[in-house]
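K.L.:
Those protein sequences? They're chains P and D, same order as listed.
Following numbering that gives the first Met the number 0, the numbering of the first sequence begins with 0 at its first residue and continues without gaps.
Following numbering that gives the first Met the number 0, the numbering of the second sequence begins with 0 at its first residue and continues without gaps.
Take this structure first; my questions come after.
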Amino acid sequence: MVHNRNKLISLLIGNLANAVIHKILEQAVQEENLRQHYDKEKLTSLTLAIKYREEINPVNAPLPEADVSMIAAQTSKKVDAELKKRIARGYDSLNLGLVEPAVNQMLKGLVIKGDD
Amino acid sequence: MELIARVSTGSRMDQIYIAKQRDGFPIGSYVLIKPLETVAKENIKLFPHNIAQVEPVKLYIIKSLAQSIKSRHEGEVIVFGSFLNPGFRFNDVDVILLSSTEGAYGTIGKKLEEETGLKIHLTMLSEPSLLKGIATDPLFALLMNNHIATKRMMFDAKRDLNFKLLDLHLQKSKMFIENFEMMAGSEKLKMVRNLAAIEYFMKGKKFPKQGTDALIDHTFSKGTALRLRDNTLLKEEIKKRYRQVFDSAQKEILKGISDGAQQK
């Protein structure tokens with residue numbers, strides 16, 4: 000199925016946000032999460048984020064600054080919203096300070112953002 | 000009467016030496032010579048759990064794997080996952096070695112791959128970790144529900160609803176609808192399986208004996224699992240029910256987290 004660029008970016012943001020949320024939740028329950036021992040596969044959201052990224056030009060170079068800022072902001076917003084929903088329900092041990100570094104790391108890893 | 004001896008080189012013929020002082024094997028008697036590994040393999044008994052039928056060639060592979068692993072490490076071997084499904088649509092063989100040390104055992108896994116030509120995913124777990132996994136991880140509990148092991152396994156682990164863990168696992172199935180068109184059938188199947196396992200687990204329901212496909216079909220509709228695997232299911236056919244199951248699971252998990260927080 001062919002998507003336009005905006006739709007691809009929207010799907011990319013959704014999957015990036017989910018991958019970051021998963022990473023932060025994982026850190027909150029690390030000791031109890033035995034799946035890390037036997038789960039061999041990368042999170043599907045991350046795999047899909049990579050697939051979407053490969054459909055957005057330029058593929059092998061960082062995206063334009065305007066796109067990078069928009070993707071970073073919207074991803075962080077989604078992650079914050081999900082984590083705050085949980086914090087409001089009494090979920091302790093969630094560190095909101097991890098959001099921005101995690102988002103940055105993802106953006107660099109997917110060559111959305113260049114090195115600083 | 001059995002003797003273990005080594006084959007040694009001779010000038011015109013190779014030979015096997017046995018002690019003159021021995022019980023049995025009088026001079027002139029005929030004997031059968033067999034490699035020691037074959038004997039060890041034949042002594043490995045397999046205990047299937049909720050496995051109605053498995054192809055003989057797969058049993059042979061499992062026995063070979065078990066013998067190979069047990070010759071290197073102490074512990075019981077459990078084979079589970081898609082390898083045990085009817086047919087040959089599997090990517091690798093999932094194996095657990097019940098041992099006092101834990102982790103992925105890359106070296107032995109590589110050796111097994113060389114011996115069998117199959118991709119082996121070997122994990123070492125202690126028995127307490129295995130039981131804890133079954134008690135807290137819906138997907139793990141589902142996978143252990145159908146296995147073949149070298150010892151009869153009594154998985155008597157009472158379910159422990161750790162809502163933070165369940166929340167983490169549910170996240171894996173969150174983006175199903177949005178990414179439907181982009182995903183391969185196997186990816187869709189995994190997300191749906193994960194969700195169905197969480198739903199059953201939280202409601203205290205027993206997993207179907209017939210395995211993952213039956214679980215998915217019971218949760219959604221008959222034939223869903225096969226059509227997901229073949230990637231022939233349309234989004235519209237599953238979207239509404241998926242959203243229903245997901246939202247209900249998420250609501251219950253958040254309530255569980257909230258109740259847990261209030262109790263502290």
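Think of the CB as a built atom: it goes at the ideal place given N, C-alpha and C, for glycine as much as any other residue.
So, do the stretch 126-136 of chain D and the stretch 155-173 of chain D have three or more beta carbon pairs nearer to each other than 8 angstroms?
P.N.:
Because the criterion of three Cβ pairs below 8 angstroms is met, the stretch 126-136 of chain D and the stretch 155-173 of chain D touch.
K.L.:
Given that Ala260/D touches chain P, what residues does it touch there, using C-beta distances under 9 angstroms?
P.N.:
On the second sequence, residue 260/D is found 261 positions in, with the first residue counted as 1. Chain P residues near Ala260/D: Arg88, Gly89, Tyr90 and Asp91.
K.L.:
Which whole-angstrom value is the C-beta distance of Asn49/D and Lys208/D, which I expect to be below 8 angstroms?
P.N.:
Residue 49/D sits at position 50 when you count from the first residue of the second sequence. Residue 208/D sits at position 209 when you count from the first residue of the second sequence. That pair is a contact at about 5 angstroms.
K.L.:
Which partner residues of Pro47/D appear in the DSSP bridge assignment?
P.N.:
By one-based count along the second sequence, residue 47/D stands at place 48. According to DSSP, Pro47/D bridges with Ile147/D.
K.L.:
Keeping to the same chain, check which residues put their C-beta closer than 8 angstroms to that of Lys118/D; ignore five residues upstream and five downstream.
P.N.:
Looking up residue 118/D in the second sequence gives position 119. Within the same chain, Lys118/D has close Cβ partners Asn90, Asp91, Val92 and Glu112.
K.L.:
Less than 8 angstroms between the CB atoms is what I'm expecting for Val28/P and Val98/P, so what's the real figure, rounded?
P.N.:
The sequence position of residue 28/P within the first sequence is 29, counting from 1. The sequence position of residue 98/P within the first sequence is 99, counting from 1. That belief does not hold up - the Cβ atoms of Val28/P and Val98/P are roughly 17 angstroms apart, past 8 angstroms.
K.L.:
Identify whether Thr122/D lies in helix, strand or coil by the three-state DSSP scheme.
P.N.:
As a first step, residue 122/D is located in the second sequence; it is residue number 123 there, counting from the start. Note: Thr122/D maps to strand in three-state DSSP.
K.L.:
Quick one, which of Lys44/D, Leu31/D and Met201/D has its alpha-carbon nearest Ile147/D's?
P.N.:
As a first step, residue 147/D is located in the second sequence; it is residue number 148 there, counting from the start. The shortest C-alpha separation from Ile147/D is found at Lys44/D.
K.L.:
State buried or exposed for Asn3/P, treating a residue as buried only when at least 16 other CB atoms are found within 10 Å of its CB.
P.N.:
Working through the first sequence from its first residue, we reach residue 3/P at position 4. By the neighbour-count rule (16 or more Cβ atoms within 10 Å), Asn3/P is not buried but exposed.
K.L.:
Using the three-state DSSP reduction, which class does His58/P fall into: helix, strand or coil?
P.N.:
Position 59 of the first sequence, counting from 1, holds the residue named residue 58/P. Strictly speaking, residue 58/P in this sequence is Val, with His absent from that position. DSSP places Val58/P in coil when its eight states are reduced to three.
K.L.:
Hey, would you say Ile12/P sits closer than 7 angstroms to Thr74/P, going by beta carbons?
P.N.:
Start at 1 with the first residue of the first sequence, and residue 12/P comes out as number 13. Start at 1 with the first residue of the first sequence, and residue 74/P comes out as number 75. A contact, by the Cβ cut-off of 7 angstroms.
K.L.:
Pick out whichever of Leu194/D, Lys202/D and Met201/D has its Cα sitting closest to the Cα of Asp212/D.
P.N.:
As a working mapping, residue 212/D is identified with position 213 in the second sequence. Ranking Leu194/D, Lys202/D and Met201/D by Cα distance to Asp212/D puts Leu194/D first.
K.L.:
Inspect the beta-carbon positions of Ile215/D and Val191/D and report whether they are closer than 7 angstroms.
P.N.:
Here residue 215/D refers to the residue found at position 216 of the second sequence. Here residue 191/D refers to the residue found at position 192 of the second sequence. For Ile215/D and Val191/D, yes; Cβs fall inside 7 angstroms.
K.L.:
In the DSSP assignment, the beta strand (DSSP E) including Glu75/D goes from what residue to what residue?
P.N.:
If you number the second sequence from 1, residue 75/D lands on position 76. Per DSSP, Glu75/D belongs to the beta strand (DSSP E) from Glu75 to Phe79.
K.L.:
Cα separation between Phe154/D and Leu106/P?
P.N.:
Taking the first residue of the second sequence as 1, we reach residue 154/D at position 155. Taking the first residue of the first sequence as 1, we reach residue 106/P at position 107. Distance between the alpha carbons of Phe154/D and Leu106/P is about 43 angstroms.
K.L.:
Measure from the alpha carbon of Leu62/P to the alpha carbon of each residue in Asn5/P, Leu7/P, Gly113/P and Leu10/P, then state which is nearest.
P.N.:
Numbered from 1 along the first sequence, position 63 holds the residue referred to as residue 62/P. Considering only alpha carbons, the answer is Gly113/P.
K.L.:
Could you tell me which residues DSSP puts in a beta bridge with Asp93/D?
P.N.:
The residue given as residue 93/D occupies position 94 in the second sequence. DSSP output for Asp93/D lists Phe79/D and His120/D as bridge partner(s).
K.L.:
Per DSSP, which residues does Leu197/D bridge with? Please list them.
P.N.:
Translated into positions along the second sequence, residue 197/D becomes position 198. The sequence given here places Ile at residue 197/D; Leu does not occur at that position. For Ile197/D, which the question treats as bridged, DSSP gives no partner whatsoever.
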